[in-house]
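Okay, so here's the structure we're looking at.
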């Protein structure tokens, strides 16, 4: 996202976990809304995956 005017935005990537918990790769980002982030990804798309995938798979198998 370009830094244009006073547009409130974050340069980090918003990561959405399978539990619907979200986190941002930008240190100090506390406004975890998709509209503030130019890139929003599912945690399963991360290189090496995400540990929450293992937890969700275990819960499904139970």
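In this note's numbering, the protein residues as written are 291 to 352. Backbone N, C-alpha and C define an ideal beta-carbon position, used for all residues, glycine too.
Could you spell out the range, first to last residue, of the beta strand (DSSP E) harbouring residue i?
{"i": "residue 306", "result": "300-306"}
{"i": "residue 319", "result": "It is not in any beta strand (DSSP E) - residue 319 carries neither H nor E in the DSSP assignment."}
{"i": "residue 329", "result": "327-332"}
Return the CA-CA distance between residue i and residue j, expressed in angstroms with no decimal places.
{"i": "residue 329", "j": "residue 309", "result": "19 angstroms"}
{"i": "residue 306", "j": "residue 340", "result": "11 angstroms"}
{"i": "residue 334", "j": "residue 311", "result": "13 angstroms"}
{"i": "residue 319", "j": "residue 338", "result": "23 angstroms"}
{"i": "residue 313", "j": "residue 322", "result": "7 angstroms"}
Run the CB neighbour count on residue i, radius 10 Å, all protein chains shown included, and call it buried at 16 or more, exposed below.
{"i": "residue 297", "result": "exposed"}
Does DSSP put residue i in a helix, in a strand, or in coil?
{"i": "residue 314", "result": "strand"}
{"i": "residue 309", "result": "coil"}
{"i": "residue 293", "result": "coil"}
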